[in-house]
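Novice: 169 is the number that the UniProt record's numbering gives to position 169 of the sequence shown; each next residue is one higher, with no gaps.
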Amino acid sequence: MSAMKRKAVQQKSQIRWKRKVLAALLVAFCLASLALMETQYSRIVSLASLRHRFAVKPKIAFLFIARNRLPLDMVWDAFFKGEDNRFSIYVHSRPGFLFNKATTRSSYFLNRQVNDSIQVDWGEASMIEAERILLRHALTDPFNERFVFVSDSCIPLYNFSYMYDYIMSTSTSFVDSFADTKEGRYNPKMNPIIPVYNWRKGSQWVVLTRKHAEVVINDTTVFPMFQEHCKRRSLPEFWRDHPFPADPAKEHNCIPDEHYVQTLLANYLSLCNAILFPNIQQEGFEGEL
Numbered sequence: 001m002s003a004m005k006r007k008a009v010q011q012k013s014q015i016r017w018k019r020k021v022l023a024a025l026l027v028a029f030c031l032a033s034l035a036l037m038e039t040q041y042s043r044i045v046s047l048a049s050l051r052h053r054f055a056v057k058p059k060i061a062f063l064f065i066a067r068n069r070l071p072l073d074m075v076w077d078a079f080f081k082g083e084d085n086r087f088s089i090y091v092h093s094r095p096g097f098l099f100n101k102a103t104t105r106s107s108y109f110l111n112r113q114v115n116d117s118i119q120v121d122w123g124e125a126s127m128i129e130a131e132r133i134l135l136r137h138a139l140t141d142p143f144n145e146r147f148v149f150v151s152d153s154c155i156p157l158y159n160f161s162y163m164y165d166y167i168m169s170t171s172t173s174f175v176d177s178f179a180d181t182k183e184g185r186y187n188p189k190m191n192p193i194i195p196v197y198n199w200r201k202g203s204q205w206v207v208l209t210r211k212h213a214e215v216v217i218n219d220t221t222v223f224p225m226f227q228e229h230c231k232r233r234s235l236p237e238f239w240r241d242h243p244f245p246a247d248p249a250k251e252h253n254c255i256p257d258e259h260y261v262q263t264l265l266a267n268y269l270s271l272c273n274a275i276l277f278p279n280i281q282q283e284g285f286e287g288e289l
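#1: Give me whichever residues DSSP pairs with ILE65 in a beta bridge.
#2: With distances taken from CA atoms, which of SER203, TYR268 and HIS252 is nearest residue 299?
#3: What do you get for THR170, buried or exposed, if any count of 16 or more other CB atoms within 10 angstroms of its CB means buried?
#4: Let me make sure I understand the geometry here. Which of ARG67, GLN227 and THR209 has the alpha-carbon closest to that of LEU265?
#5: Taking the C-alpha atoms as reference points, what is the distance between MET225 and ASN159?
#6: Roughly how many angstroms separate the alpha carbons of residue 291 and ARG16, rounded to a whole number?
#7: With DSSP run on the structure shown, which of helix, strand or coil describes ILE217?
#8: What's the call for SER93, buried or exposed, on a 16-neighbour Cβ count within 10 Å?
#9: For CYS254, which of CYS230, GLU83, PRO192 and PRO71 has the nearest alpha-carbon?
#10: For a test of the three-state rule: what should DSSP assign to THR263, helix, strand or coil?
#11: Distance check for PHE109 and LYS101, CA to CA, integer angstroms please.
#12: Which word fits ASN187, buried or exposed, when buried means at least 16 other C-beta atoms lie within 10 angstroms of its C-beta?
#13: Which runs of the alpha helix (DSSP H) fall wholly inside the stretch 110-164 and span at least 4 residues, in chain order?
#14: Does DSSP classify LYS20 as helix, strand or coil?
#15: Indicate the three-state DSSP secondary structure (helix, strand or coil) for ARG53 in the structure shown.
#16: LYS59 and PHE29 look like a contact to me (Cβ under 8 Å); what is the Cβ gap, rounded to whole Å?
#17: Can you check which of these residues, ILE118, ALA130 and LYS201, is closest to GLY184 by C-alpha distance?
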């Protein structure tokens with residue numbers, strides 16, 4: 001009996017020992033798993049932090065159209081300060097003009113002039129060609145997602161963060177555009193490339209999305225029409241240098257920069273809608289893209 005008891009005690013002891021070993025192994029496994037999970041979590045957090053720190057945010061391209069220097073450069077300097085990764089600057093000024101330490105007080109404008117600028121005359125198609133040049137340069141940066149046209153006399157009314165958030169909060173362009181039916185600026189010779197129902201007017205100081213900026217630089221149909229048929233009315237002081245108009249009152253006094261982007265986008269949207277909705281009358285039907 002004593003031998004049997006001893007054997008039973010030994011078996012129980014072995015079972016208890018095995019259970020302790022198994023429990024120890026399970027605890028060790030759990031601790032190792034927790035340590036591994038903690039390490040992986042720390043790595044994920046570190047990578048996410050690095051990604052967030054070095055992520056390139058979408059930028060706003062500020063496209064300045066200037067005669068020569070920018071007289072309000074220090075106002076813009078204060079506006080841009082501390083926001084270096086959220087904007088880019090391009091300046092179109094007269095050919096040969098350089099933005100250096102002698103011509104600007106702001107480091108943000110140093111060497112920001114485009115190298116293929118043209119002579120711009122008010123009321124001529126050269127103004128919209130200057131806009132297209134600026135867009136071509138700005139579109140080479142893939143992080144530029146909005147394109148803002150600014151004159152040399154413009155100043156910001158709000159701080160950068162407010163303007164950035166406002167512009168980036170929507171996927172649409174900001175374009176002042178309305179049907180121009182009273183001033184007689186539309187030239188019937190533009191038809192059918194530019195039908196009268198797509199003729200628009202508005203401010204040239206627009207904000208474009210990247211998609212619409214690409215529409216502008218890729219345009220090969222509307223721009224030539226503006227070059228040929230959208231011209232300001234000749235002034236009497238220039239009649240000695242140009243052919244005298246048969247009837248000055250019948251001239252189409254067309255200012256290209258007040259019509260080009262608006263009319264181009266109306267034409268573009270009409271074409272898109274004609275493809276998407278072929279059975280709908282397109283006259284005045286623009287929709288939103």
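A virtual CB, placed ideally from N, CA and C, is assigned to each residue, including glycine.
No experiment lies behind these values; they were computed from the predicted model shown.
Specialist: Reading it off the structure:
#1: Per DSSP, HIS92 and SER151.
#2: Since the first and last residues shown for the chain are 1 and 289, residue 299 lies out of range.
#3: With fewer than 16 Cβ atoms within 10 Å of its Cβ, THR170 is classed as exposed.
#4: Closest by alpha carbon: THR209.
#5: Cα to Cα, the separation comes out at about 39 Å.
#6: Nothing about residue 291 can be read from this structure; the chain reaches only from 1 to 289.
#7: In the three-state DSSP reduction, ILE217 falls in the helix class (H, G or I).
#8: Here SER93 is buried: its Cβ has 16 or more other Cβ atoms, across all protein chains shown, within 10 Å.
#9: Here the closest residue by C-alpha is CYS230.
#10: DSSP places THR263 in helix when its eight states are reduced to three.
#11: Between LYS101 and PHE109, the C-alpha separation is close to 9 Å.
#12: Under the 10 Å beta carbon count, ASN187 is surrounded by 16 or more other beta carbons and is classified as buried.
#13: Runs of the alpha helix (DSSP H) inside the stretch 110-164: 126-138.
#14: LYS20 falls in the helix class under three-state DSSP.
#15: Low local confidence applies: a pLDDT of 49 at ARG53 is under 50, so the model's placement there is unreliable, and no value is given.
#16: Incorrect: roughly 50 Å between the Cβ atoms, too far for contact.
#17: Comparing Cα-Cα distances from GLY184 to each of ILE118, ALA130 and LYS201, the minimum goes to LYS201.
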